[in-house]
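With the first letter of the sequence shown counted as 1, position 326 gets the number 376 in our numbering; the numbers rise by one all the way through.
Where a beta carbon is used, it is the ideal one built from N, C-alpha and C, also for glycine.
Have a look at the structure below before the remarks.
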Amino acid sequence: MFLHGTSRINAEGHLEIGGCDVTELAKEFGTPLYIVDEALVRQRAREFMEAFRKTGLRHQVAYASKAFCTMAMCRLTEEEGLSLDVVSDGELYTALQAGFPAERIHFHGNNKTPDEILMALDANIGCFVVDNFIEMQLLNTLASDKGKRVNVLLRITPGVEAHTHEYISTGQQDSKFGFDLGNGTAFRAVEQALAQSNLKLLGVHSHIGSQIFEVEGFRMAVEKVAAFAIEVRAKLGETFSVINLGGGFGIRYVEGDTPLPVGTYVQAIADAMISTCLEADYPLPEIWIEPGRSMVGDAGTTLYTVGTSKHIPGVRKYIAVNGGMTDNPRPALYGSKYEAVLANRANEAPTEVVSVAGKACESGDMLIWDLNVPEVRSGDLLAVFSTGAYNYAMASNYNRIRRPAVVFVKDGKADLVVARESFDDIIGNDMIPERLRKQAVSK
Ligand SMILES: *Cc1c(COP(=O)(O)O)cnc(C)c1O
51 MFLHGTSRIN AEGHLEIGGC DVTELAKEFG TPLYIVDEAL VRQRAREFME
101 AFRKTGLRHQ VAYASKAFCT MAMCRLTEEE GLSLDVVSDG ELYTALQAGF
151 PAERIHFHGN NKTPDEILMA LDANIGCFVV DNFIEMQLLN TLASDKGKRV
201 NVLLRITPGV EAHTHEYIST GQQDSKFGFD LGNGTAFRAV EQALAQSNLK
251 LLGVHSHIGS QIFEVEGFRM AVEKVAAFAI EVRAKLGETF SVINLGGGFG
301 IRYVEGDTPL PVGTYVQAIA DAMISTCLEA DYPLPEIWIE PGRSMVGDAG
351 TTLYTVGTSK HIPGVRKYIA VNGGMTDNPR PALYGSKYEA VLANRANEAP
401 TEVVSVAGKA CESGDMLIWD LNVPEVRSGD LLAVFSTGAY NYAMASNYNR
451 IRRPAVVFVK DGKADLVVAR ESFDDIIGND MIPERLRKQA VSK
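Pasting the structure below:
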């Protein structure tokens with residue numbers, strides 16, 4: 051059986067997460083429902099922090115909030131002592147409203163708008179990760195206008211291609227992100243940043259991809275980035291105090307996925323950094339990493355109710371759930387694979403193979419192809435695993451479907467952290483111009 055964290059099958063044969071029977075959660079909160087195993091998120095946070103403590107290196111673990119950004123998640127992140135990455139004004143606003151300490155917020159993105167930069171400057175966030183020359187100039191000017199000097203990292207593209215899906219590779223040269231290392235752009239970026247009086251250059255950042263199952267890519271990235279740091283010191287006399295290796299640590303979505311314990315990635319990064327720095331007599335920088343998926347991915351489960359089915363003899367049987375690409379666009383977007391169980395009959399042996407369709411008006415709205423299940427009946431609950439990252443965060447109102455609620459479960463308690471959207475939420479921003487209003491009959 052495919053279970054994460056505190057998930058188990060209880061005596062009634064129901065899936066239980068965080069001590070909560072999911073059939074009860076369905077009754078209380080309705081479906082579709084995102085269920086987050088709070089203990090597992092906290093465990094991951096602690097694994098990252100503990101792995102760094104063992105290395106003795108100064109460090110920051112910044113949760114890449116884009117994976118799942120809600121106020122409760124920001125609170126949990128702060129409680130666990132992590133920092134927080136944001137990539138938009140909306141994420142920044144969420145973090146600030148949740149009371150997240152601004153000095154532990156890092157701002158990413160390849161096209162930060164002037165308004166976003168101003169908002170972050172006013173909040174006194176801890177660091178801007180500068181992506182390109184236009185942003186660098188803009189940030190310096192806006193910081194200068196406010197009489198501030200801000201911490202920056204430069205995002206560099208180290209030319210390391212992690213073994214992962216092409217759409218989520220960002221470390222190779224042909225990427226929309228960052229200053230290219232290989233062609234000298236990154237070096238020019240350092241020179242320019244040092245010349246800006248309102249920017250304080252802490253160091254560099256690299257993010258080589260996502261859903262990575264091996265340490266080799268990180269080792270290569272460390273070597274390239276460290277070699278760059280050494281070159282910068284030799285030519286410009288400047289040492290970096292921070293090197294950020296990004297995120298991308300893999301999780302298990304399906305049988306056969308073989309992620310490493312998160313501490314293994316940390317250890318590999320630390321080992322590579324320490325040996326490279328020792329060799330070059332380079333002062334050990336503070337190491338930052340930015341896990342997103344690995345913090346929340348396998349802690350999330352989406353609970354659906356099965357509605358209709360369609361059997362095409364000799365071809366396939368479709369079952370349809372009351373959600374789909376609107377709450378999990380990843381299968382449609384990336385061809386992502388998921389595992390699932392019938393949550394109300396999780397102890398029954400599989401007897402048929404079905405494909406799980408969403409309810410949106412798109413043939414591509416399929417969640418899972420060829421899932422082994424007991425004979426599915428209308429009204430059954432289907433729990434899809436490992437939906438904690440990039441699911442709620444990517445959810446949409448396509449077909450004017452309301453986004454599901456999110457609950458945190460822990461020790462038998464379930465707390466709503468995002469309410470289910472209402473019909474009024476759906477039409478909340480709609481306006482009808484005067485000329486289109488239903489007129490009282492006029493003469
Ligand atoms: C998306 C992203 C992350 C998080 O990636 P995961 O694969 O979710 O760990 C970290 N850093 C940057 C810059 C990112 O863009």
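* Asked: With C-beta atoms as the reference, is Leu417 less than 8 angstroms away from Gly385?
  -> No. Outside cutoff.
* To do: Inspect the CB distances between the region 408 to 416 and the region 366 to 383 and report whether three or more fall short of 8 angstroms.
  => The region 408 to 416 makes contact with the region 366 to 383: 3 or more CB pairs, one atom from each, lie closer than 8 angstroms.
* To do: Look at the alpha carbon of Asn449 and the alpha carbon of Leu421, and state the distance between them as a whole number of angstroms.
  => Going from the Cα of Asn449 to the Cα of Leu421 covers about 26 angstroms.
* Compute the minimum distance between the beta carbon of Gly298 and the heavy atoms of ligand 1, and state whether it is under 7 angstroms. => Flag set: Cβ of Gly298 near ligand 1.
* Kindly examine ligand 1 and report whether one of its heavy atoms sits closer than 7 angstroms to the Cβ of Leu439. => In the sequence as presented, Leu is not what sits at residue 439; that position holds Ala. Ala439 Cβ: within cutoff of ligand 1.
* Asked: Is Gly298 near His257, with beta carbons less than 8 angstroms apart?
  -> In this structure, His257 lies closer than 8 angstroms to Gly298 by Cβ.
* Taking one C-beta from the region 312 to 331 and one from the region 95 to 110 each time, how about it: are there three or more such pairs within less than 8 angstroms? -> Counting C-beta pairs closer than 8 angstroms gives three or more between the region 312 to 331 and the region 95 to 110, which meets the contact rule.
* Taking the alpha helix (DSSP H) that Arg427 falls in, what are its first and last residues? -> Note, Arg427: premise wrong, no alpha helix (DSSP H); not H, not E.
* Name the DSSP beta bridge partners of Asp165, please? -> DSSP, once it has assigned bridges, lists no residue as partnering Asp165.
* Using 8 angstroms as the Cβ pair cut-off and three pairs as the minimum, do the region 74 to 82 and the region 344 to 361 touch? -> Touching, yes, given that three or more Cβ pairs across the two stretches are closer than 8 angstroms.
* Asked: Is any heavy atom in ligand 1 found nearer than 7 angstroms to the beta carbon of Arg108?
  -> Of the heavy atoms belonging to ligand 1, none sits nearer than 7 angstroms to the Cβ of Arg108.
* Own chain residues within Cβ distance below 8 angstroms of Ala243, not counting five before or after -> Excluding sequence neighbours, Ala243 sits near Val180, Met186, Val202, Leu204, Leu249 and Leu251.
* Asked: How about Ala239: is its Cβ closer than 7 angstroms to a heavy atom in ligand 1?
  -> No.
* Below 8 angstroms, can you find three or more Cβ-Cβ pairs linking the region 168 to 183 to the region 133 to 150? -> With the cut-off at 8 angstroms, the region 168 to 183 and the region 133 to 150 touch.
* To do: Answer yes or no: the CB of Gly342 versus the heavy atoms of ligand 1, is any distance below 7 angstroms?
  => The answer is yes for Gly342.
* Bridge partners of Gln110, per DSSP? -> Its beta-bridge partners are Trp338.
* Entirely enclosed beta strand (DSSP E) segments - the region 391 to 419, minimum 3 residues -> Complete beta strand (DSSP E) runs here, min 3: 402 to 407.
* In chain order, what residues of the same chain have a beta carbon less than 6 angstroms from the beta carbon of Ala89, not counting five sequence neighbours either side? -> Closer than 6 angstroms at Cβ, skipping near neighbours: Thr56 and Lys460.
* Nearest to Val275 by CA position, among Leu171, Phe458 and Asp230, is which residue? -> Among Leu171, Phe458 and Asp230, the Cα nearest to that of Val275 belongs to Asp230.
* **Among Phe263, Ser225, Ala490 and Asp87, nearest to Ala439 - alpha-carbon criterion** => That would be Asp87, whose Cα lies nearest to the Cα of Ala439.
* Delimiting residues of the alpha helix (DSSP H) encompassing Tyr315 -> Start and end: Val312 to Ala330.
* To do: Would you be able to state if there are at least three C-beta pairs under 8 angstroms between the region 188 to 198 and the region 142 to 160?
  => Not touching, per the Cβ criterion.
* **DSSP state of Tyr303 mapped onto helix, strand, coil** => Coil at Tyr303, not helix or strand.
* Asked: Mapping DSSP to helix, strand and coil, what is Leu132?
  -> Coil, per DSSP.
* To do: Please find out if some non-hydrogen atom of ligand 1 comes closer than 7 angstroms to the beta-carbon of Ala407.
  => Flag unset: Cβ of Ala407 not near ligand 1.
* Nearest residue (CA-CA) to Asp430, options His54, Leu65, Phe52 and Gly267 -> Out of His54, Leu65, Phe52 and Gly267, Leu65 has the C-alpha closest to the C-alpha of Asp430.
* What residue from Asn160, Val391 and Asn479 has the CA that sits closest to Ser225's CA? -> Nearest C-alpha to Ser225: Asn160.
* Asked: Comparing alpha-carbon positions, which option in Thr163, Leu189 and Ala349 lies nearest Ile85?
  -> Here the closest residue by C-alpha is Ala349.
* Asked: How big is the Cα-Cα spacing for Glu129 and Lys488?
  -> Looking at the two C-alpha atoms, the distance is approximately 52 angstroms.
* Should Leu286 and Glu241 be called a contact, given that it needs their Cβ atoms to be closer than 8 angstroms? -> Here Leu286 is near Glu241, since their CB atoms are less than 8 angstroms apart.
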